[in-house]
Amino acid sequence: MTHTTIIQENPLQEEALAEGLIRLRQEKTDDEQEKDNQENEMIKFSRESLHSFQFSTNIPLSRKLHETCTILRTHLKTKTADAPNHSGIKPRSRTLPSVYSSSASSSCSSFYSFQEEEETEDEQIYVPHLHNRTKQQQNQAILTTYDDFRIIITNSIAKDVLVSHDHDQQEQLIGKQVIENLIDPSYQNRLKSIIVKRRKEALHSSSIHADEGTVIVCGEIIPIIKLDGTKSSASLWLKEKKNELDQSVFIWIFEEVYESTLTIRVNGEGNIHHILDKNGLKDLYGYDTDEILNEPLSKLIPSLTPSDWKSTIQARFFGSETKKGAHFPIIVRLLDHTTIHITSMPLIAGLMTIRFDGTIEGCNQVFARCLFGYTQDELLKKNISDLLPQFPTLFKNLNRDDLLQHGLIINNTICRKLVDHYNGPDSRLRMLTHTPNNQPLPLLIGIHRDGTPLEVQLQLKLVEEKEECALWISFDRELTFKRYGHQHLISLPPPVDERQPPPKVRSNKKEIPENAILYSAQQPNAACIDDYIVIDELGQGAYGLVKKRVVIKYVIKSRILVDCWTSDQMLGTIPVEIHILHTLRKIPHKNISDMLDYFEDDDYYYIVMEFRETMDLFDYIEYNEKINEDNIRKIFKQIALGVKHLHDHRIVHRDIKDENVVVDKDLNVQIVDFGSAAYVKQGRKYETFVGTLDYAAPEILRGQTYSGKPQDVWALGILLFTLIYRENPFYDIDEIMSQELRIPFVLSKGSVDLICKMLERDVDKRIDIQAVLDHPWLN
Numbered sequence: 001m002t003h004t005t006i007i008q009e010n011p012l013q014e015e016a017l018a019e020g021l022i023r024l025r026q027e028k029t030d031d032e033q034e035k036d037n038q039e040n041e042m043i044k045f046s047r048e049s050l051h052s053f054q055f056s057t058n059i060p061l062s063r064k065l066h067e068t069c070t071i072l073r074t075h076l077k078t079k080t081a082d083a084p085n086h087s088g089i090k091p092r093s094r095t096l097p098s099v100y101s102s103s104a105s106s107s108c109s110s111f112y113s114f115q116e117e118e119e120t121e122d123e124q125i126y127v128p129h130l131h132n133r134t135k136q137q138q139n140q141a142i143l144t145t146y147d148d149f150r151i152i153i154t155n156s157i158a159k160d161v162l163v164s165h166d167h168d169q170q171e172q173l174i175g176k177q178v179i180e181n182l183i184d185p186s187y188q189n190r191l192k193s194i195i196v197k198r199r200k201e202a203l204h205s206s207s208i209h210a211d212e213g214t215v216i217v218c219g220e221i222i223p224i225i226k227l228d229g230t231k232s233s234a235s236l237w238l239k240e241k242k243n244e245l246d247q248s249v250f251i252w253i254f255e256e257v258y259e260s261t262l263t264i265r266v267n268g269e270g271n272i273h274h275i276l277d278k279n280g281l282k283d284l285y286g287y288d289t290d291e292i293l294n295e296p297l298s299k300l301i302p303s304l305t306p307s308d309w310k311s312t313i314q315a316r317f318f319g320s321e322t323k324k325g326a327h328f329p330i331i332v333r334l335l336d337h338t339t340i341h342i343t344s345m346p347l348i349a350g351l352m353t354i355r356f357d358g359t360i361e362g363c364n365q366v367f368a369r370c371l372f373g374y375t376q377d378e379l380l381k382k383n384i385s386d387l388l389p390q391f392p393t394l395f396k397n398l399n400r401d402d403l404l405q406h407g408l409i410i411n412n413t414i415c416r417k418l419v420d421h422y423n424g425p426d427s428r429l430r431m432l433t434h435t436p437n438n439q440p441l442p443l444l445i446g447i448h449r450d451g452t453p454l455e456v457q458l459q460l461k462l463v464e465e466k467e468e469c470a471l472w473i474s475f476d477r478e479l480t481f482k483r484y485g486h487q488h489l490i491s492l493p494p495p496v497d498e499r500q501p502p503p504k505v506r507s508n509k510k511e512i513p514e515n516a517i518l519y520s521a522q523q524p525n526a527a528c529i530d531d532y533i534v535i536d537e538l539g540q541g542a543y544g545l546v547k548k549r550v551v552i553k554y555v556i557k558s559r560i561l562v563d564c565w566t567s568d569q570m571l572g573t574i575p576v577e578i579h580i581l582h583t584l585r586k587i588p589h590k591n592i593s594d595m596l597d598y599f600e601d602d603d604y605y606y607i608v609m610e611f612r613e614t615m616d617l618f619d620y621i622e623y624n625e626k627i628n629e630d631n632i633r634k635i636f637k638q639i640a641l642g643v644k645h646l647h648d649h650r651i652v653h654r655d656i657k658d659e660n661v662v663v664d665k666d667l668n669v670q671i672v673d674f675g676s677a678a679y680v681k682q683g684r685k686y687e688t689f690v691g692t693l694d695y696a697a698p699e700i701l702r703g704q705t706y707s708g709k710p711q712d713v714w715a716l717g718i719l720l721f722t723l724i725y726r727e728n729p730f731y732d733i734d735e736i737m738s739q740e741l742r743i744p745f746v747l748s749k750g751s752v753d754l755i756c757k758m759l760e761r762d763v764d765k766r767i768d769i770q771a772v773l774d775h776p777w778l779n
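Using full-length UniProt numbering, read the sequence shown as starting at 1 and increasing by one per residue.
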């Protein structure tokens, strides 16, 4: 569970913007401003998962891509608790979304992971905005196995993705064989063949270094079967690495994909004569059954003509058209001579690298096929203008306005403004670059292999030290459908089954002494959420959302995992988070946040905390470009003292990071968010990783069980490095596990020595929290 802290709304001091941007703003007329305001009322862009995994785009499937995918970034907080982040760029920065950034239920069951935000005039050009203040749940399951493919460690979100949402009935993932237990039987042999083939290729490849490991599967959409028998689909990223014993360790990343499907039957002439899913037809295309029966297949897939549809359909990837004229990419499979299965992804996004002359230098195979219908090899022979006819105009105007500058991201709004006067030869494209409601700014159009025009969103940035651009291209089906007035929007995932927590244990409670801590939850007719006036929403996390003036954290009961409950003779059965906060309330510490009260209803627990004028450490670092060593020392020592207090009382935090530390104007510090915390028991080891991947210790990523305290110290090492250098020390999983620590500059020998001792990969040699506090640099 994540505690989203109160953040003061101080304006960020922006750097001077490029002269081209100034000219763009100066040239804007009042009429254009009015049109833009109208446009902003209509256009809402789906923001993909915060800090989403980049596995689908940052691996060397093409010879240039892996060198450039690290450069697209916007500032954002790292993901918390259940879905750790893994990206190809410095983790303090927001990475652009993964190839399949499908939606997942967020902290509140009625919210979803692609929240809509208006593009405003303030977003004309990238400046380092801190982050979106509303966190969203990820849905990536991380598994670690050896070469027998039996699971040795997972993250907690894996239980949702690969087991079921009914955690009261779930089986354990640990010990399960990934291919036999989680992959649909129809795909098991194919996946085995892919793994064998790719491993053989890696043995004979001179370009793959042993310490880097081998990417075996990248973004492939595969059918999965959850342990409860539910069938679904997921994109898979799989990498093999060697550990210190030269054993093969496999890291599996499953991201559930909520596909929309339709199955139809056609006759020999290519006319539709039967619909197997009437609801799917209505939701995806807007047709009633009687409107489409006996119509040619080309009414849904324009490039499949009656004369040659059987041969053409072997291409599998096509553009499709709805009743209202909206276009979207689909995957087509011929099940038998007359049965056609259509699959549509709600969101497709990926990275391309292009030379300044427009030649496509690199792209992801899965992304290229699903969005544009081309193989990777086919695209590498093409010019970007074959896919994006407006791009030459865009690139020309970027040069004209001096916007091609290193470190600057050109977002979608700027791209649309710069192609506003596109006069391409295809009048159909010109018509399509305006919305059906004739809004002024043109849309950006991508051309599918079969000629279908698709509305896309772009972001662009120069590749450092190369004459290349990195271009992030995304297609959002819901956004396109909304523009055309479709009422049946099917991008959202199926609702999560609600489940009740274990029954409250009340019969065995002891009588409460008069001097005991008494909570509203223990009293009849005590506080409820209606007794509070909600002033503002501060944020939300994997299970909860937070409000103020006392700060109330909502903990959604249906999202609490089975092993996150505990029984107390006085309090009954409650979440571990509340129990730990109750324990800490009896042994308060100035550097640990305090729970004032808690209460519950049928759906939520409400944790009441004191409102303090603070910002989290992430924001503090962003607002203060230079923090002097004394202030760094003061902040870090307080954090270490708080961790020492936890460890002394057999509590481990397990999610220490800059977002879970708050600081006030006098640099007084508190550790917050105990949603991942746990009690330490003698001889007990943890098998599930629940923190944030950027702060994960290497032994966890190697699949080892862990005790908790050494991993808190590792996270403190990451935190101190971040305080000093304003970035995380490691880019990705590979670097966490094996990369030598890089020190950008020496602030002081003492600080470097302390960082190195906390970031010792050998757990037995890593210092404990007392040694951290005894270090000369802190004294």
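Idealized CB from N, CA, C, for every residue including glycine. A quick note: this is a predicted structure, and the numbers were derived from the prediction, not measured.
Secondary structure note for Leu238: it is in no alpha helix (DSSP H), and the uninterrupted beta strand (DSSP E) holding it is 231-242. With contacts defined as CB atoms closer than 8 Å, Phe745 and Gln739 fail to qualify as a contacting pair. Setting aside the 5 residues that flank it on each side, Gly358 is surrounded in the same chain by Asn383, Ile384, Ser385, each with a C-beta closer than 6 Å to its C-beta; the list follows chain order. For the pair His406 and Tyr620, the Cα-to-Cα distance works out to about 25 Å. Per DSSP, the beta bridge partners of Met615 are Val663.
Of all C-beta pairs linking the region 640-654 to the region 711-719, three or more are shorter than 8 Å, placing the two stretches in contact. Between the region 685-695 and the region 609-619 there are fewer than three inter-stretch CB-CB distances shorter than 8 Å, so the stretches are not counted as touching. Linking Arg684 to Gln704 through their CA atoms gives a straight-line distance of about 13 Å. When the beta-carbon positions are compared, Lys176 and Gly213 stay at least 8 Å from each other.
Annotated as proximal: Glu478 and Pro346, with beta-carbon spacing under 8 Å.
Taking a C-beta distance under 8 Å as the contact criterion, Thr393 and Val249 do not qualify as a contact pair.
Going by DSSP, Thr312 is part of the alpha helix (DSSP H) stretching over 309-312.
Comparing alpha-carbon positions, the option among Lys192, Ile700, Ile142 lying closest to Phe254 turns out to be Ile142.
Under DSSP, no beta-bridge partner is assigned to Ser186. With contacts defined by Cβ atoms closer than 8 Å, Gly642 and Ala678 do not form a contacting pair.
For the 8 Å CB-CB criterion, Cys363 and Phe317 do not form a contact. Within the same chain, Cβ atoms closer than 8 Å to the Cβ of Phe475 are found at Phe328, Pro329, Leu347, Ile348, Ala349, Leu371, Gly446, Leu454, Glu455, Val456, Gln457, the five residues on either side in sequence being excluded.
The residue among Leu584, Ala697, His775 with its C-alpha nearest the C-alpha of Lys637 is His775. If you ignore the 5 residues before and after Ile222, its C-beta comes within less than 6 Å of the C-beta of Tyr187, Leu236, all in its own chain and listed in chain order.
By the criterion of a C-beta distance shorter than 6 Å, Val608 is surrounded in its chain by Val550, Ile552, Leu596, Asp597, once the five residues flanking it on both sides are discounted.
Here the alpha carbon of Asp734 sits roughly 18 Å from the alpha carbon of Gln711. Excluding sequence positions up to five before and after Ile174, its CB lies within less than 6 Å of the CB of Ile151, Glu687, all in the same chain and listed in chain order. Boundaries of the beta strand (DSSP E) harbouring Cys469: 468-476, taken from the DSSP string. Around the CB of Lys586, fewer than 16 other CB atoms lie within 10 Å, so the residue is classed as exposed. Short of 7 Å from the beta carbon of Tyr374, and not among the five residues preceding or following it, lie these beta carbons of its own chain, in chain order: Ala368, Arg449. Between the beta-carbon of Leu719 and that of Ile639 there is about 7 Å, and that keeps the pair under the 8 Å contact cut. Gly286 places its beta carbon 8 Å or farther from that of Ser260. The Cβ atoms of Leu304 and Ile313 sit closer than 8 Å to each other. Here Asn411 carries a coil assignment [DSSP, helix/strand/coil].
Thr343 is the residue among Asp762, Gly270, Thr343, Val661 whose C-alpha sits nearest the C-alpha of Asp283.
The Cβ atoms of Ile216 and Arg198 lie closer than 8 Å to each other. Here Ile157 carries a coil assignment [DSSP, helix/strand/coil]. Each of Asn624, Ser676, Leu334 was checked against the Cα of Asn660, and the nearest Cα belongs to Ser676.
A distance below 6 Å between beta-carbons, with the five flanking residues on each side excluded, links Ile301 to the following residues of its chain, in chain order: Phe318, Ser320. Beta-bridge pairing by DSSP links Arg355 to Glu468. Here Ile769 is actually not in contact with His582; their C-beta atoms are around 23 Å apart, not less than 8 Å.
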